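**Student:**
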Amino acid sequence: MSTTRQRGSHWELAAESFLRQRGLRTLARNYQARVGEIDLIMMDGDTLVFTEVRFRADETYGSGADTVTRAKQQRIIRAARNYLARHAAAHDLPCRFDVVSIGTREGRTLINWIRNAFDAPILHHESRRAQYSELHRS
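Residue numbering for the sequence shown follows our numbering, starting at 24 and increasing by one per position.
1. Which same chain residues end up closer than 6 Å to LEU107 when comparing Cβ atoms and leaving out the 5 residues on each side of it in sequence?
2. For a quick check, are the C-beta atoms of THR70 and LEU116 less than 8 Å apart?
3. Can you check which of these residues, GLN97, ALA56 and ASP62, is closest to HIS33 by C-alpha distance?
4. Based on DSSP bridge pairs, tell me the residues matched to SER124.
5. How is ARG98 classed by DSSP in three states: helix, strand or coil?
6. What are the residues that DSSP puts in a beta bridge with GLN55?
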């Protein structure tokens with residue numbers, strides 16, 4: 024029997040493959056920061072994409088996407104801020120937060136890619152550029 028971490032890793036790889044087939048490029052997997060974790064960090068054209076992958080075998084009480092609560096969103100946003108602070112090349116890139124919700128029905132795997140699943144206005148590149156400039160003016 025596989026552990027929860029192994030199952031999670033399996034579905035994250037499936038989501039990554041799904042997104043790569045649609046033209047996204049992987050920058051990081053399982054980005055860990057003290058404030059949170061991001062399953063996948065990818066590029067979609069010139070947009071930096073922070074992706075949360077959620078699997079639910081039984082969607083009776085909602086999909087995997089339904090489990091991305093406001094608290095979970097805040098942890099992902101904090102981890103994204105951490106990533107941006109550590110990667111200067113990302114400062115001027117537009118960002119978005121996607122969720123890949125994976126489930127099964129009648130033995131088939133179903134993948135639902137939700138672009139712009141939630142928003143974090145402070146991460147828009149115009150705001151980051153202004154903040155960065157303000158910090159380095161003093």
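In this text, a Cβ means the ideal position worked out from N, Cα and C, and glycines have one as well.
For clarity, every value in this text was computed on a predicted model and none was experimentally measured.
**Tutor:** Short version:
1. Only ALA113 meet the Cβ criterion.
2. Contact: yes.
3. Looking only at GLN97, ALA56 and ASP62, the smallest Cα-Cα distance to HIS33 is reached by ASP62.
4. According to DSSP, which records beta bridges pairwise, SER124 is partnered with ARG77 and ASN135.
5. It is helical.
6. Bridge partners of GLN55: GLU60.
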